[in-house]
Amino acid sequence: MQYLLNAEQMKSADSHTIQDLGVSSRTLMERAAAACTDYIEEQKWPLTHVCIVCGSGNNGGDGFAIGSILKEKGCQVTAVFAGRMTSRTEECIYQMDQFKQCGGTLLTEWQDNDYSIVIDALFGVGLNREITGHYLEMLQHMNMSSGRKLAVDIPSGISATDGRVFGEAFQADATVTFQERKLGLFLFSGALYTGKVCVTDIGIDSFTVKEQLDTAYALEMSDIAKLLPERPPYAHKGTFGKLLLIAGSSGMAGAAFLSACAAYRMGAGLVRIYTTEDNRSILQQLIPEAIITTYTEYDKASLLSVLEWADAVCIGSGLGRSDVADLIVNTVLKEINVPCLIDADGINILAAHPEWKDQLAEGNYVLTPHLKELSRLTGRPVNEIQMHRREVLEQTARTLDVTLVQKDARTFVGAKGRRMYVNLTGNAAMAKAGSGDVLAGIIGGLMVQGCDNYDAAVLGVYLHGLAGDIARNEMGCYSVLARDLADALGSAIQMTENWKAEK
Ligand SMILES: NC(=O)C1=CN([C@@H]2O[C@H](COP(=O)(O)OP(=O)(O)OC[C@H]3O[C@@H](n4cnc5c(N)ncnc54)[C@H](OP(=O)(O)O)[C@@H]3O)[C@@H](O)[C@H]2O)[C@@H](O)CC1
Ligand SMILES: [K+]
């Protein structure tokens, strides 16, 4: 598991290490600086003339400490101090003095030169507002330089907490970040500025912070192997559950096909599609493995009978908006007593009938909205959700009492009393129609095999992204179809199985 800390959590780990464990701030800073110079040497970056831009906080202190190390190694080093002398932290003052004593060149304005490396130590996790004026110009000069670019801890201009760009940011080739991954390095737009991220242990004790439930995390291969449901050798199709997909409407057979295909590839034992009669023959041809039950108008008896059959249900993909669809969703909400995933139009229908939301609390639901659907569901505008994604996720999951999968380029998963999950697999090739239907099928396929809702959501999102990465590697960023994601799922699962076997 990879923990992803926000600025406040990182600061709390820093001060715990300094105040409670007695490790001096100077020691930490010197280790941080050594980690950066080690990285540069390992990468064999040319050390002909290094420029370090330092702010007045401890990130600036790191920068001066890097300068001293490089100076002692005989490199030509120019430090540009871009902060205010009066705002310097104690450590920044000390490290600046040390740097001067080593004979380093100290400027207060950018000077164009043929720098082989530009090091950004302007702002670290302490950045808390828009970058303007002198600082903005400095960042623009740094970005224009042709030298290799290293960010110290985080590229200046990126919020460590949510990845937003405060006006302008340093475009790094690599970021050496201290002790823990900061959320902002992995969310967009921050992730576009980091270059390669190297996490380095400098002896900060972050254990207590990571134990806290409000610290977000991402999965790694090792976690996946543990979360995947067992497949005992004596199994038969009944062992892996009966999944009901209430999906597809007139002209939307594809959604049902994609979900069913993904659910089977995820390992579901039996998949039944409950859809409109005009989808019958096309679905039978597309996916003969699925059982097809159809309706022409709202038919409560047939709906109750398929609900009775199911061990888990996915409702909404391609369902469309109609009176019949409304009646189906309403009945499912009232009658269901197995785990249920609500996707796409299922969410839109729920959003149009706020009084039905109370039913969710009595059930066992996973909701998979993209930002527009979440906006309809919560009544909050999309841009507001984008600015406060975490808060909206946690609040919605808590008030509706559901597992919420907030789909985006970085999908978040939240549930009451569970840690926020941030998904780091996947890529832009997946931004296509049908991708969400595949995800619903994958998560449903896990739910029906007995995975707890939250685990199914987290694992499903991870595998969906990994399948996307495999498909993109085969076909490039433009040509991947949603069905390719379902098809690549087998390779994605196999990757995690191979990993498990090799351990
Ligand atoms: N001992 C430790 O804790 C260790 C810390 N370490 C290092 O320290 C970094 C954190 O240091 P930090 O907390 O001093 O904050 P930092 O990021 O340097 O900047 C804060 C300064 O910037 C200013 N400022 C903010 N926004 C601004 C803006 N838009 N425009 C202009 N000014 C702005 C802000 O001003 P203020 O808000 O106070 O007015 C303040 O003066 C961390 O990332 C790591 O690199 C490591 O060495 C390990 C040990
Ligand atoms: K920085």
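At position 377 of the sequence shown (counting the first as 1) the number is 377 in full-length UniProt numbering, and the numbers step up by one without a gap.
For each residue, glycine too, the CB sits at the ideal point set by N, CA and C.
Just so you know, these numbers come straight off a predicted model, no measurement behind them.
Under 9 angstroms between C-beta atoms of residue i and residue j
| i | j | result |
| --- | --- | --- |
| Gly-426 | Met-420 | no |
| Gln-179 | Ile-204 | yes |
| Tyr-239 | Gly-269 | Before going further, note that residue 239 is Thr rather than Tyr in the sequence given. Cβ atoms of Thr-239 and Gly-269: closer than 9 angstroms. |
| Ser-174 | Leu-139 | Looking at the sequence shown, residue 174 is not Ser but Ala. No, the pair does not count as a contact, with Cβ atoms beyond the cut-off. |
| Met-96 | Leu-107 | no |
| Leu-47 | Lys-73 | yes |
| Phe-64 | Ala-121 | yes |
| Ala-456 | Asp-401 | no |
| Gly-445 | Tyr-264 | yes |
| Met-495 | Met-266 | no |
| Ala-79 | Gly-104 | yes |
| Ala-160 | Leu-192 | no |
| Leu-187 | Val-422 | yes |
| Ala-225 | Lys-503 | yes |
| Thr-177 | Thr-200 | yes |
| Ile-202 | Leu-28 | yes |
| Leu-424 | Thr-215 | no |
| Ala-351 | Leu-333 | no |
| Asp-62 | Val-152 | yes |
| Cys-261 | Val-438 | yes |
| Ala-82 | His-134 | yes |
| Ile-131 | Ser-156 | yes |
| Ser-189 | Glu-91 | no |
| Ile-470 | Ala-488 | yes |
Residues bridged to residue i [DSSP beta-bridge criterion]
| i | result |
| --- | --- |
| Val-271 | Leu-243 |
| Cys-198 | Val-176 |
| Leu-5 | Lys-182 |
| Ala-312 | Leu-243 |
| Gln-212 | Its beta-bridge partners do not exist; DSSP assigns none. |
| Thr-78 | Cys-51 and Thr-105 |
| Thr-276 | Tyr-295 |
| Tyr-217 | Tyr-3 and Tyr-421 |
| Ile-158 | Val-165 |
Where the alpha helix (DSSP H) through residue i begins and ends
| i | result |
| --- | --- |
| Leu-404 | Per DSSP, Leu-404 belongs to no alpha helix (DSSP H); it is in the beta strand (DSSP E), 403 to 406. |
| Leu-283 | 280 to 286 |
| Arg-26 | 25 to 42 |
| Arg-231 | Taken as a continuous stretch (DSSP letters only), Arg-231 belongs to no alpha helix (DSSP H), as it is neither H nor E. |
| Ala-260 | 253 to 266 |
| Ala-121 | Careful: Ala-121 lies outside any alpha helix (DSSP H), inside the beta strand (DSSP E) at 117 to 121. |
| His-370 | Segment: none, His-370 is in no alpha helix (DSSP H) and carries neither H nor E. |
| Tyr-135 | 133 to 144 |
| Ser-68 | 58 to 72 |
| Ile-385 | 382 to 387 |
Residue interval of the beta strand (DSSP E) (run including residue i)
| i | result |
| --- | --- |
| Tyr-365 | 365 to 367 |
| Tyr-295 | 291 to 295 |
| Met-152 | Per the sequence shown, the amino acid found at residue 152 is Val instead of Met. Unbroken beta strand (DSSP E) run through Val-152: 148 to 152. |
Cβ-heavy atom distance, residue i to ligand 4, below 8 angstroms
| i | result |
| --- | --- |
| Phe-240 | Absent from the structure shown: ligand 4. Ligands present: ligand 1 and ligand 2. |
When you compare the stretch 407 to 426 with the stretch 365 to 383, are there three or more beta-carbon pairs, one atom per stretch, that lie closer than 8 angstroms?
yes
Stretch pair the stretch 357 to 368 + the stretch 450 to 460: three plus CB contacts closer than 8 angstroms:
yes
Count the C-beta pairs between the stretch 242 to 253 and the stretch 272 to 291 that are closer than 8 angstroms, then say yes if the count reaches three, no if not.
yes
Length at least 3, wholly inside the stretch 305 to 360: the beta strand (DSSP E) runs in chain order
312 to 315 and 340 to 342
Enumerated in chain order, which unbroken segments of the alpha helix (DSSP H) with a length of 4 residues or greater are wholly contained in the stretch 397 to 481?
435 to 447 and 453 to 475
Cβ pair count under 8 angstroms reaching 3, the stretch 86 to 102 against the stretch 45 to 56:
yes
Three CB pairs or more closer than 8 angstroms across the stretch 429 to 439 and the stretch 319 to 329:
no
Would the stretch 307 to 318 count as touching the stretch 331 to 347 if we require 3 or more Cβ pairs under 8 angstroms?
yes
Are the stretch 9 to 25 and the stretch 135 to 149 touching, with three or more C-beta to C-beta distances below 8 angstroms?
no
Specify whether the stretch 2 to 11 and the stretch 109 to 127 touch according to this definition: at least 3 beta carbon pairs, one from each stretch, less than 8 angstroms apart.
yes
Quick check: the stretch 327 to 337 against the stretch 301 to 308, are there 3 or more CB pairs under 8 angstroms?
yes
Check whether the stretch 254 to 264 touches the stretch 283 to 302, counting contact only when three or more Cβ pairs, one atom from each stretch, lie closer than 8 angstroms.
yes
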